[in-house]
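J.: The structure that follows is given in the form of structure tokens.
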Amino acid sequence: MEKFMFIFHGGSSSALSPNDAQSNMQKWMSWIENLSKSGRYVSGEPLEPKGKMVSGPKKLVTDGPFAEGKELVGGYFIIHAKDLDEAVELAKDCPDFELNGKVEVRPVMKM
Amino acid sequence: MSSQSINQLAGHLFRHEAGKMAAVLTRILGSDRLEVAEDIVQDTLIKAMETWRFNGVPENPSAWLHTVAKNKALDYIRSRARHEQIHSEIARTIHSEWTLPSSVSRLFSEHEMEDSQLRMMFAACHPSIPEESQVALVLKVLCGLSAREIAVAFLTNEETIQKRIFRAKEKLREERINLEMPVQTFLSDRIEAVLKVLYLLFNEGYHPAESNAQTREDLCEESMRLVYLLIQNPVTRQPKVFALMALMCFQASRFDARSDSVGFVSLEQQDRSLWNKALMDQGFSWLEQSSEGDELSEYHVEAAIAAVHMKASSFQETNWRQLLSLYDVLGTLKSGPIVALNRAIAIGYARSYSEGLEALKNITELSNNHYYHSATGNFCLLLGQQDKAMEAYTKAMQLATATVDKDFLQKKINSISPSFV
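Residue numbers (our numbering), protein chains in the order written: chain S, -1 to 109; chain C, 681 to 1101.
Here it is as structure tokens:
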């Protein structure tokens, strides 16, 4: 098994009705539960939509947000998968595609 | 995370909490800031969704939501209070860090939140707000439905609903309808309007319209939840509120029996074993409680009518004489051709089909109502007047708009002797 990172981009949730928001959340929880049961899920965390950016030799500090709402990183997972193809298949179960979200699937480099 | 934490949220936690929080925040910020209150609710729910989906649902999800919403409200007040006026009952406390957090926290207590929902309900039913806007506002603010979801339920477009909601909010601002006053101040002159809106809401869900069954059940459930809030409060628990609750329970108990895989099933054809026994029992128990006092409201009579149907083991066994006398009483409380139509149907079964038909003929206002022509067709058919029955059902068919109604009428037309062309 190799490690992969899922980086979740966008997925506009601000216009969801309370019911839609709850059902989206429940889909995520079931997804994580399934990944945990099959021993795939390692960890994951959500990110606040705010923060600072430090950049360049002058260590310039600027305020977030760092990308358009639809590109903003909302969180990440670390999961186990056999290979990149399998990781991609697992990523397809992410509930946010219907909200136009994206999942970036990246192999964690082996040391 | 366990599946337990997922199931814990079964039901409609977000929707119900949205209604509670919107009501209390409007009470805190003033009804001219209803939209700010709604934004805070939305931000709170989105934050919960984004956090919980990774970390699981906290031990006490409601308390978590209330804390986030409360802090957002405090932030809002702190950033505005110096330059802008807040028109609400806590206005005097907001300029001091000594009093602000405690007065906001006090209104977030379970008891005050329930009270805030009642105040919101009574504010939304202010006589200056048109009825359709009252209904839309209650659904949006107190039931946590989006304009799109309301539009689906009412078979209209989102824009129309947005306009109705806008109108209601405009009136709240213009007429300075705030949530400061306790409900008993205008209880007597507004409870009628509140009950009417809740019953309208229920009927919108109960009517077998095209919109999806889930949405309609949601409307019924929401209206019953709000009636229950009225029952729980000592000030608003009046006999007619019990009566409305009884009526809703009886009607809701038939929800599953009213449609099958093919379509709408009329009361006559329903499989009565599908009626929900628990809801029926609740209905009878509320009906009993509604008889305290000597007030007789239209809801009492309508609930009693529903109870007669509930008690009958089959359509044929229905006590039509009792129904007829109840419709006579209802006619004195609530005039209108629909009561007359139902009374005529009761006459037809209690006395004779031809007397029923005669009573129908005397109703002149319903020439554009498909139920009227359908009832006429039914009695004609029972009297063996196939040509007249065909004529009436065809007329009904032309007037009906909902597919469920059309399917029902088409079945009736098809059942009329094929030798008749």
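We put the beta carbon where it would ideally sit given N, CA and C, even for glycine.
Using a Cβ-Cβ cut-off of 7 Å (strictly less than) and excluding sequence neighbours within five positions of C:Glu850, which residues of its own chain qualify?
T.: Closer than 7 Å at Cβ, skipping near neighbours: no residue.
J.: Quick one: grab the DSSP three-state call for S:Leu58.
T.: The answer is strand: DSSP assigns S:Leu58 an E or B state.
J.: Pull up the CB-CB distance for C:Ile774 and C:Ala749, whole angstroms please, since I reckon it's below 8 Å.
T.: About 17 Å; that fails the 8 Å criterion.
J.: Is the Cβ of C:Ala698 closer than 7 Å to any Cβ of chain S?
T.: Cβ-Cβ to chain S under 7 Å: yes for C:Ala698.
J.: Tell me which residues share the same chain as C:Ser683 and place their Cβ nearer than 6 Å to its Cβ, disregarding the 5 neighbours each side in the sequence.
T.: Caution is warranted here: a pLDDT of 43 is assigned to C:Ser683, below 50, making its placement in the model unreliable, and the coordinate value is therefore given only provisionally. Answer for C:Ser683: no residue qualifies.
J.: Whose CA, out of S:Phe95, S:Asp83, S:Asn98 and S:Ala79, lies closest to the CA of S:Leu33?
T.: Checking every option, the nearest Cα to that of S:Leu33 belongs to S:Ala79.
J.: Roughly how many whole angstroms lie between the Cα atoms of C:Asn858 and C:Ala703?
T.: C-alpha separation (whole angstroms): 11 Å.
J.: Determine whether the beta carbon atoms of S:Val101 and S:Cys92 lie at a separation below 7 Å.
T.: Yes, the pair counts as a contact, with Cβ atoms nearer than the cut-off.
J.: Any residues in the segment 693 to 717 of chain C with a beta carbon nearer than 8 Å to a beta carbon of chain S? Which ones, in chain order?
T.: Result list: Leu693, Phe694, Arg695, Glu697 and Ala698.
J.: Drop a sphere of 10 angstroms on the beta-carbon of C:Ile686, count the other beta-carbons inside from all chains shown, and report buried for 16 or more, exposed for fewer.
T.: Per-residue confidence for C:Ile686 stands at a pLDDT of 48, beneath the threshold of 50, marking its modelled position as unreliable; the derived number appears in the next sentence. Burial call: buried.
J.: Determine which residues of the segment 29 to 42 of chain S have a Cβ less than 9 Å from any Cβ of chain C, and write them out in chain order.
T.: Residues passing the 9 Å Cβ filter: Trp29, Ile30, Glu31, Ser34 and Gly42.
J.: Give the straight-line distance between the Cα atoms of C:Val784 and C:Lys991, rounded to the nearest whole angstrom.
T.: Roughly 50 Å between the two C-alpha positions.
J.: Relative to the C-alpha of S:Met51, which residue among S:Glu43, S:Asp61 and S:Asp83 is closest?
T.: Closest option to S:Met51, Cα to Cα, is S:Asp61.
J.: Rounded to the nearest angstrom, what separates C:Ala929 and C:Gln1078 at their Cα positions?
T.: The sequence as given places Cys at residue 929 of chain C; Ala does not occur at that position. Computed Cα separation, rounded: 33 Å.
J.: Assign S:Arg104 to one of two classes, buried (16 or more other C-beta atoms within 10 Å of its C-beta) or exposed (fewer than that).
T.: It is exposed - the Cβ of S:Arg104 has fewer than 16 other Cβ atoms within 10 Å.
J.: Which residue comes first and which comes last in the alpha helix (DSSP H) that contains C:Glu1057?
T.: The question names Glu, yet the displayed sequence has Gly at residue 1057 of chain C. His1050 to Leu1062 is the span of the alpha helix (DSSP H), which, as asked, contains C:Gly1057.
J.: How big is the Cα-Cα spacing for C:Thr1081 and C:Leu1046?
T.: So the alpha carbons of these two residues sit roughly 16 Å apart.
J.: Please state whether DSSP places S:Arg38 in a helix, a strand or coil.
T.: S:Arg38: coil per DSSP, three-state reduction.
J.: Determine the contact status of C:Glu855 and C:Ser808, defining contact as a CB-CB distance below 7 Å.
T.: Their beta carbons are under 7 Å apart, which means C:Glu855 touches C:Ser808 by this criterion.
J.: I want to verify the contact list: residues of chain S whose CB lies under 9 Å from the CB of C:Leu829, in sequence order.
T.: The sequence given here has Glu at residue 829 of chain C, not Leu. Within chain S, the residues near C:Glu829 are Ser15, Asn17 and Asp18.
J.: Taking C:Arg828 as the reference, give the member of C:Val818, C:Leu822, C:Ile841 and C:Leu725 with the closest Cα.
T.: It is C:Ile841.
J.: Within the same chain, show all residues whose beta-carbon is closer than 6 Å to that of C:Val821, passing over the 5 residues directly before and after it, in chain order.
T.: Contacts found: Ala702.
J.: Please go through the same chain and pick out, in chain order, the residues whose beta-carbon is closer than 6 Å to the beta-carbon of S:Trp26, but skip the five residues on each side of it.
T.: For S:Trp26, where only same-chain residues beyond five positions count, the Cβ hits under 6 Å are Pro93.
J.: Report buried or exposed for C:Thr1083, applying the criterion of at least 16 other Cβ atoms within 10 angstroms of its Cβ.
T.: Exposed: under 16 other Cβ atoms inside 10 Å.
J.: For S:Lys80, name the three-state secondary structure that DSSP assigns.
T.: Coil.
J.: So, under 8 Å CB-CB, S:Ile5 and S:Tyr39 are touching, yes? Tell me the CB distance rounded to an integer number of Å.
T.: With a Cβ gap of about 15 Å, S:Ile5 and S:Tyr39 do not count as contacting.
J.: What separation, rounded to the nearest whole angstrom, lies between the Cα atoms of C:Arg934 and C:Lys752?
T.: So the alpha carbons of these two residues sit roughly 43 Å apart.
J.: Just to confirm my understanding: we take C:Ile1025, look at its own chain, exclude 5 residues before and 5 after, and list those with CB closer than 6 Å. What are they?
T.: Here the set comprises Ala1055.
J.: Counting only Cβ-Cβ distances shorter than 8 Å, please list the residues of the segment 86 to 107 of chain S near chain C, keeping chain order.
T.: Against chain C - using a Cβ distance shorter than 8 Å - the segment 86 to 107 of chain S contributes no residues.
J.: Can you list, in chain order, the residues of the segment 944 to 977 of chain C whose Cβ is nearer than 7 Å to any Cβ on chain S?
T.: Answer set for the segment 944 to 977 of chain C: empty.
J.: Per DSSP, what kind of secondary structure is C:Ser783 in: helix, strand or coil?
T.: The answer is helix: DSSP assigns C:Ser783 an H, G or I state.
J.: Please list the partners that S:Met(-1) has in chain C, where partner means a Cβ-to-Cβ separation under 7 Å.
T.: The premise fails here: S:Met(-1) is roughly 21 Å from chain C at the closest Cβ pair, so nothing lies under 7 Å.
J.: Between C:Tyr979 and C:Leu875, how many whole angstroms is the CB-CB distance? I'm expecting something under 8 Å.
T.: With 8 Å as the limit, C:Tyr979 and C:Leu875 qualify as a contact, their Cβ atoms being about 7 Å apart.
J.: For the segment 51 to 80 of chain S, enumerate the residues whose C-beta is nearer than 8 Å to any C-beta of chain C, in chain order.
T.: Listed in sequence order: Gly72 and Gly73.
J.: To the nearest angstrom, report how far apart C:Phe964 and C:Leu927 are at their CA atoms.
T.: About 9 Å.
J.: Within its chain, find whatever has a CB closer than 7 Å to the CB of C:Ala803; leave out the 5 residues flanking it on each side and keep chain order.
T.: Taken in chain order, the residues that qualify are Ser711, Leu852, Ile857 and Leu859.
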